[in-house]
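Residues in the sequence shown are numbered from 1 upward in steps of one, following my numbering.
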Amino acid sequence: MGKINFGGRRFLPSQREKAKRKRVEKSLLRSPSRHRRSGETLQIYVNIQLPPRALNRHGLPKKQFPSNRIRTSKYTVFNFLPKNLFEQFRRVANMYFLFMAILQFLPYVGVSSPIFSIMPLITVISITAIKDGVEDYKRHRTDLNYNSSKTQLLQNWINTNHPLQQPTIWQRIQYSVSDVVTAPLYKYKLFGFIDDDTQNNRNEDVVFQESYSDTTEFREALWQDIRVGDIVYLKNNETCPADLVILSSGEPDGECFIETKELDGETNLKTRLSIDETLHLKTPTDFANTRFYIDSEMPSSNLYAYQATMHIYSNDESDKSQGGSRKRASAVPINISNTLLRGHVIRNTSYVIGVAVFTGSDTKILLNSGLTPSKRSKIEKAMNRQVIMNFIILLVLCLLCAIANGIMEGKGQSSINDSASDSPFTLAFLTFWSSLIIFQNIIPISLYVSVEFVKTWQWNLSDDLGQIEYIFSDKTGTLTRNIMEFCKCSINGRAPETDAARGARERQGIRQETGKTSNFTRKKVFQSYLKEMKNLYEPKYACVDFEKLSFIDSKIFKDLMVLKESNVLVPDEMVQAEKIRDFFSLLAVCHTVVIEKPDEIVPGQLPFAYRAESPDESALVSAARDLGFSFLGRAKNLMTLDVLGDEMEFELLQILEFNSTRKRMSVIVRRPAPWNDLVLLIKGADNIILERLADGQDDLVNSTAQHIDQFSVDGLRTLCLAYRPLSEEFYQQWVKNLQEASTSLDNRDAEIEKVYEEIETELLLIGATAIEDKLQENGPECILALRQAGIKIWVLTGDRMQTAINIGFACNLLTNDMELWTIKGDDKESAKMEFYDVVSSIRGEKEHHLRRTSYFDSLPPPRRSLNINRSNKVHALVIEGSALKYILEDTECRTQLLEIAPLCRSVICCRVSPLQKAQIVHMVKKGRKAVCLAIGDGANDVSMIQAADVGVAISGEEGLQAAMAADYNFSQFKYLENLLLVHGFWSYLRIAEMVLNFFYKNVVFVLVILWYQFFCGFSANTFFDFTYVQLYNLVFTLMPVVVLGTCDQAVSYQNAQRFPSLYMLGIQQSRYGMRRFWLYIGEAVYQSLACFFTFYFLFGNNLNTNGADSDLYDFSTSVSVAIISIATLTVGINSYTWNWIMFASVVGSILAVHLYAFIYSLLGSAESNGTGTYIYGSLSFWAAYFLSIFLAIFPRYIVLFIKQVWYYEDIDIVREMEKYGEGIQLSSPEDCESVARLTLHPYSNSTLSSRKSSFGDDDYLELSPIQAESSIK
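And the structure:
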């Protein structure tokens, strides 16, 4: 036999890992069905008859386009009842209650009043149905408003994409039956049946549609009537009703300006272009006579990409191919810049005409709506497990009664039932089902409704907000304001250090070198700057308000003055001046900024404003304007600039747009004199540009790289600028390659990217820019509070490592007392080796042969902060994006990263992609079983926000895409402190106590019935009057738990903020779990025993051994009143705050059951008739009533007393301070120490033994009692 090869087994784990990663990526990103599938296209014909290949066997179009009538509502008048009932009974709990209701209608196991027993279920279902109906009615009204909006369509012509007459219902039935019958014949080609795709030639001759040019016109129509292929006419300020390809516009060059706020929230105007070949189409007659079809990609949710090709036919009969009469079409590429999407608003453009390519549910805005994944809170998940546990308890109780009853019947002991003719097995079987009915309340029917009510009352605050252990944050626009200011630059290896460096200091009024107030005021700096500017040129567009200028450097103008001098003695000065001119002219040309002119020009203000898609771009163009290189406008392919007072026109040939993958933008322009050349101008991330430079620039690259490093140390965002001279021959060949790639529908993006790579090489470096992104207001204080609360913060950013580190220090994410570890790696092996080295260092494995030094230890002494003691080993980790890629791909690396994650207070991941952000969140959430929150402000944060348990969006400069995908939305990062440490903390404690008390009060009620079974032969006889059973959850005990869940407040708002360490209760999930669940169940067991047997001994002399009792209703009514009082008082004791609402709900519930017991017993039809008069007139009842309450509740009170006096927690200390004031006398040095730790330390807790086992002694501040007491005062 040959040797067995186990290579396949070794190969399986890697294959499983790849499959798992694909599943993760699919779960993090949007549904693949919403993206274009490679190779699939659809055709839209205009004035061309559908070719045979586009028709089915019945002569109808194969492609059925969706209507433009949108419907976001779920129900109609006809399907509301069945569909809503179906959705409600998809809940397992509702199915259980329905089953129990049906069971009660059966003769033997049923109850005397089954209609009354089903009322709770009907009530819950009805309330939910009414809520769903009201919400859906609002959706119907919104849909009607959208569908009834008006626009203008080309009328009196034939849209060939749709049949002239829709088939009748009878015809549709005939066609469907015919298709089913003939399908096998076509499939196997029997009896001459050949599939359409086989017999039709794809290259059929094109048949033009007959023209109706005399009667065609644009007329008003409703949005819902628009169909694919319709010609739509839009005026200024009108909203686009469908996804259109722009054919022409009111601007001479075919441009139109749009506002995309409804799709992405951005208010900046953007430019769209009509197709050059259709730009001449203006009138209805023109459109009636043009012929073309669009080969389009399938509908996609990507708002920033679209690929199609327009095939335009000439009307000239002489324009035929040489081989025959086949008409020839010219292919024109279409991309996203040639489209209008539904929701876009036309601005500053008289009209736009386009052809509809996607309507209704195929439009991008609808493909992006409603995709936020369903999220369930951690308590809700645990609650489901506990419902299952209660169901298991229910089955155990039913089996116990069934088996015991069967045994007793087998021994000949009679029960309360007349069952002489039935076998013990039959009786046991029937007893099991009867027991299900009497014990059914162990699963609370109103629990889910109550939880939903509480969340709605609290503005849908999730209890997860009080259990957040990890926060994943974007940097730009989240920790920073995303308001950019041009601060520094490096030009030709020189970084200006005169007024520019002083300008930043003078804005603070401080001379950095000495720390003294400078005599060289910023006004003097500006006067010198303005004087040099006017010596060079007269500023017409530059900003001359020194309060608004962030970059003031008069030396720039001194260097540029050389350009206007005829005799230059120093050649280096001319070179530097030319480089400065190239630098700022590149900033003024390489962009997609749109100029917006105000309706009225206010004196003293600029005559126009720049509107850019990113704040970075606006800051760069504004900086170039303020230094004499003003962008004045764009007319198709001409860009007008004011260069030092002289207007120049640059011919714009190509724009190679920026995206998150390329991380760069290029333009190809013909520059006028003094350049007179064809050149590619490029700006982008430093690592992207530097790797594409031509050889021979080592000195320039080194000096520029040093400047970039220094800019990063200052926390600035950097970009590199470069250019490449082009020859005419090379450019023309490149344009041909681009044309071929642009008209390809298969892998078009990849083909275009290859062509871009061909020209974006051999670059010549000009310099680098540095932009300051200011921190958000109170952001550092918020981060400090969150860290003190025990929350670990991970920042996921696209910035370079040094920039991210310095921003981390500025916002309190990193501190000098941390051991800061960095991981880089350009290849897999080095990245993994460096990662393993850091892991061993963090773990403290000193024997490791490659023990790393931390980031601080690798710095020179002044930066190292040697006076900081880092013996407590607080770790922080910074990972570069290329290394992170290899870590995420390796299973072992991911496992070790998860192991050290709790040891790192802060983690920063640099140069990460949107997908990597989502993968990190998903990895930590699943690997650490932790509750994670993701916060961001841009479209690149959407997948991260959706992957987290809680998603938060910052509404800022980057639109509303993040807000549409998030669970919560606010304007500044600082509000996260209130959301988590106050409202999240409150919500967690409220929901946890409410759910546990719900289970407790139902179990305590059901167990009383169980104890009665011991005295009725386990016959499953009802103990309580059935009205008490049904009203127990709906009336008698509902309000206290609802008030507990909505109004309870453990500590005040101020103290919740003042003592962030209280939040650790939620992180450790100490207030909700299986341990506390069983403690509450145990308490229910004890209280039910105490209550039942207190009254048993009172009524015991009248009980028979078989359970028959002449005073049974007196006994059961007394127990029911007492047990409801006990359950209500226990809920009140479990609340943190006895406000007037809680007091009223507890007292009101107790009074309600007493009144009901008395009034109900007066009814002649009641089985307990006369009971109320008897028991309320008996002193023995009142004695047993108060005794049972005392016996049931007193142990609970004793336990709480002992806990708060000897085993207190942080929350107990704070509550005592609130009660008696902060001037309380602390009884011992230990108390002083505990309060000091609570006040000052992030991981403080008065229960020292439990905390030290988790964090170690070094995690605590060693303060003397005197220091502690003084800190409190």
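Ideal placement from N, C-alpha and C gives every residue a C-beta, glycine not left out.
If you're wondering where the values come from, they're calculated on a predicted model, not measured in any experiment.
Query - Inter-stretch contact (C-beta, 8 Å, three-pair minimum) for the segment 39-53 and the segment 284-304 - result: yes
**Report entry** Cβ neighbour criterion (16 or more within 10 Å) applied to residue 732
**Finding:** exposed
Query raised in the report: When we look at the beta-carbon of residue 180 and count the other beta-carbons within 10 Å, is it buried (16 or more) or exposed?
Result: exposed
Query raised in the report: Can you give the Cα-Cα distance for residue 949 and residue 442, rounded to whole angstroms?
Result: 30 Å
**Report entry** Pick from 1190, 560 and 178 that is closest to residue 574, judged by C-alpha positions
**Finding:** 560
Report task. Hey, could you find the ends of the alpha helix (DSSP H) residue 75 is sitting in? Result -> Looking at the DSSP string, residue 75 is not in any alpha helix (DSSP H), and its letter there is neither H nor E.
Query - Local Cβ density within 10 Å of residue 164, reported as buried at 16 or more and exposed below that - result: exposed
Query raised in the report: Which residue or residues does DSSP assign as beta-bridge partners of residue 717?
Result: 771
Requested in this report: Consult DSSP for residue 284 and reduce its assignment to one of helix, strand or coil.
Outcome: helix
Report task. For residue 347, collect the residues of the same chain with a Cβ closer than 8 Å to its Cβ; drop the 5 residues on either side in sequence, then sort them by chain order. Result -> 236, 237, 257, 258, 259 and 269
Query raised in the report: Leaving out the 5 sequence neighbours to the left and right, which residues in its chain are closer than 6 Å to residue 761 when beta-carbon positions are compared?
Result: 692
**Report entry** residue 249 to residue 353 span [Cα, whole Å]
**Finding:** 6 Å
Query raised in the report: Would you call the segment 979-998 and the segment 1038-1048 touching, i.e. three or more CB-CB distances under 8 Å?
Result: yes
Query - residue 1063 beta carbon less than 7 Å from that of residue 981 - result: yes
Requested in this report: Please determine, among 1025, 653 and 481, the residue with the shortest C-alpha to C-alpha distance to residue 974.
Outcome: 481
Report task. Return the residue from the list 1020, 1139, 984 and 971 that minimises the CA-CA distance to residue 1069. Result -> 984
Query - Close-in-space but distant-in-sequence residues of the same chain around residue 8 (CB under 6 Å, 5 per side omitted) - result: Residue placement at residue 8 cannot be trusted, given a pLDDT of 41 that sits under 50; the coordinates are not used to answer.
Query - residue 626 versus 681, 526 and 563, residue with shortest Cα-Cα distance - result: 526
**Report entry** In chain order, each alpha helix (DSSP H) run of at least 4 residues that lies wholly inside the segment 1142-1203
**Finding:** 1171-1176
Query raised in the report: Which two residues bound the contiguous alpha helix (DSSP H) that contains residue 1118?
Result: 1112-1134
Query raised in the report: Tell me, which residues are paired with residue 932 by DSSP?
Result: 470
Query raised in the report: Which partner residues does residue 908 have in the DSSP bridge list?
Result: 795 and 878
**Report entry** For residue 659 and residue 592, the rounded distance between their alpha carbons
**Finding:** 13 Å
Requested in this report: Under 8 Å by Cβ, that's how I've got residue 1134 and residue 997 pegged, so tell me the actual separation to the nearest angstrom.
Outcome: 6 Å
Requested in this report: Compute the beta-carbon to beta-carbon distance between residue 1140 and residue 1050, rounded to the nearest angstrom, for a pair I have assumed lies under 8 Å.
Outcome: Not really, about 18 Å apart at Cβ, beyond 8 Å.
Requested in this report: Can you tell me the Cβ-Cβ gap for residue 842 and residue 887, rounded? I've got them flagged as a contact below 8 Å.
Outcome: Not confirmed; about 14 Å, so no contact.
Report task. Could you name each continuous beta strand (DSSP E) segment of 3 residues or more that falls completely within the segment 624-712, going from the start of the chain to the end? Result -> 629-635, 638-643, 646-656, 664-671 and 677-684
Query raised in the report: Residues in its own chain within less than 6 Å of residue 419 by CB, not counting five upstream and five downstream?
Result: For residue 419, the pLDDT reaches just 49, beneath the cut-off of 50, and the residue's location in the model is therefore unreliable, although a value from the coordinates is still provided. Taken in chain order, the residues that qualify are 427.
Report task. Taking residue 256 as part of the alpha helix (DSSP H), name the residues at either end of that continuous run. Result -> Per DSSP, residue 256 belongs to no alpha helix (DSSP H); it is in the beta strand (DSSP E), 255-259.
Requested in this report: Determine, using beta-carbon pairs with one atom in the segment 217-225 and one in the segment 143-153, whether at least three such pairs fall under 8 Å.
Outcome: yes
Query raised in the report: Going by the beta-carbon positions, is the gap between residue 838 and residue 823 smaller than 7 Å?
Result: yes
Report task. Can you give me the Cβ contacts of residue 292 inside the same chain, cut-off strictly under 7 Å, excluding the 5 residues immediately before and after it? Result -> 46, 310, 311, 312 and 313
Query - Touching by the beta-carbon criterion (3+ pairs, under 8 Å), the segment 818-834 and the segment 882-896 - result: yes
Report task. Measure the alpha-carbon distance for residue 1239 versus residue 784 and round it to whole angstroms. Result -> Its pLDDT being 46, under 50, residue 1239 is placed unreliably in this model, and the value from its coordinates should be taken loosely. Roughly 14 Å between the two C-alpha positions.
Query - Rounded separation between residue 1028 and residue 404 - CA only - result: 26 Å
Requested in this report: Pull up the DSSP beta-bridge partners for residue 246, would you.
Outcome: 354
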